[in-house]
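Numbering (mature numbering (1 follows the signal peptide of the UniProt record, and there is no 0)), first residue to last: -25 to -1, 1 to 276.
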């Protein structure tokens, strides 16, 4: 169980801050742990921003920031960006289209940084990778974006709304016994185990749940059902990504045909829950408050 899949599995299987380019840029790391390029900041009116993931696109919409490029996605994107140029899948953005837009800033997420940073570099594009791997990091990223684009008030309101919901739920469950939780992340044909360092794992921890996978540094690990059975979690959460319907079918078949699952208390007690992809992504998103409500109902029925 302690064999980490590493970055290849956690990034290549998962689908789904602003690098201002000019002059002699230097590489540095900001408070949220994401690499950025330091250079002279363009004036507000000069920002030409490409967002390459749905989560970033939704955040920029909530902040009232215009974009010149958005990801290609089956998900419904904000109306504000109707007609805006699509730049391809978040995991494989089209470099030629992006270069043709002459952006001042290209935004992706740290979850994809290992795979995409060299691709952007080879294309001569400086990208900013935003850390949305936890609630706290997402909130800091929103505040940083608000500061950068002079949208401090909107950013503060977004963060406050999530914080208020979190505090409300934490108060409601403070005296309840903490459940042990197994989180499975499924993609077509395979699934991984999400640790407390994943976004969903972070949400579970904030509501008092104890992830059965402890003391790991990776977000996702290879599955070892024998180890998982020994841990015997109270709850199993199944997150489906890529092609959710297909992944749910895969999970159902796995749980029906692999007899080891019938020995799990969570299965015996009917506490296996499929998570809605819209709420429970591989990175943080603006549905966090709703996701916390959903988790509360699953963890503390």
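Even glycine gets a Cβ: it sits at the ideal position worked out from N, Cα and C.
Taking the CB atoms as reference points, tell me whether residue i and residue j lie closer together than 9 Å.
i	j	result
residue 113	residue 257	no
residue 83	residue 27	yes
residue 69	residue 62	yes
residue 76	residue 99	no
residue 129	residue 39	yes
residue 195	residue 169	yes
residue 107	residue 182	no
residue 144	residue 265	no
residue 155	residue 186	yes
residue 161	residue 167	yes
residue 148	residue 274	yes
residue 120	residue 104	no
residue 255	residue 178	yes
residue 71	residue 23	no
At the 9 Å Cβ level, is residue i part of the contact set with chain D, yes or no?
i	result
residue 180	This model lacks chain D altogether, as it is built from one protein chain only.
Could you round the C-beta distance between residue i and residue j to whole angstroms and report it? I think they count as a contact, below 8 Å.
i	j	result
residue 146	residue 184	In fact, because the Cβ distance is near 16 Å, the residues do not count as touching under 8 Å.
residue 48	residue 25	That belief does not hold up - the Cβ atoms of residue 48 and residue 25 are roughly 14 Å apart, past 8 Å.
residue 158	residue 203	Not really, about 11 Å apart at Cβ, beyond 8 Å.
residue 172	residue 192	7 Å
residue 67	residue 46	Between residue 46 and residue 67 the Cβ distance is about 10 Å, and since that is not below 8 Å, they are no contact.
residue 209	residue 246	6 Å
residue 94	residue 118	Going by Cβ atoms, the distance from residue 94 to residue 118 rounds to 28 Å, so no, they are not a contact pair.
residue 228	residue 163	Between residue 163 and residue 228 the Cβ distance is about 13 Å, and since that is not below 8 Å, they are no contact.
Between residue i and the rest of its own chain, which residues show a CB-CB distance below 7 Å, the 5 nearest in sequence each way excluded?
i	result
residue 223	215, 249
residue 136	264
residue 55	36
Less than 8 Å between C-beta atoms, sequence neighbours within five positions excluded: which residues of the same chain meet that for residue i?
i	result
residue 252	214, 215, 216, 219
residue 53	32, 33, 36
residue 261	30, 33, 34, 37, 133
residue 126	38, 39, 40, 120
residue 131	118, 121
Who are the near neighbours of residue i in its chain, counting only those whose CB is closer than 6 Å to its CB and skipping five residues on each side?
i	result
residue 7	The predicted model places residue 7 with a pLDDT of 39, which falls under 50 and marks its position as unreliable; any figure quoted below should be read in that light. The residues are 106, 112, 115, 116.
residue 207	240
residue -18	The predicted position of residue -18 is uncertain, since its pLDDT is 39 and thus under 50; a value taken from the coordinates is nonetheless stated next. The answer is none, since no qualifying residue turns up.
residue 233	none
residue 50	29
residue 242	236
residue 88	104
Curious, which full-length alpha helix (DSSP H) runs of at least 4 residues does the region 65 to 100 contain?
Counting whole runs of 4 or more residues, the region 65 to 100 contains the alpha helix (DSSP H) stretches 70 to 75, 88 to 97.
Starting from the N-terminal side, write out each stretch of the alpha helix (DSSP H) that is 4 residues or longer and does not extend beyond the region 151 to 226.
Runs of the alpha helix (DSSP H) lying entirely within the region 151 to 226, each at least 4 residues long, are 174 to 181, 200 to 206 in chain order.
May I have a chain-ordered list of the beta strand (DSSP E) segments no shorter than 3 residues that lie completely inside the region 219 to 272?
Note on the region 219 to 272: whole beta strand (DSSP E) runs with a minimum of 3 residues are 247 to 250, in chain order.
3-residue-minimum beta strand (DSSP E) runs that sit fully inside the region 22 to 56, ordered along the chain:
24 to 26, all fully within the region 22 to 56.
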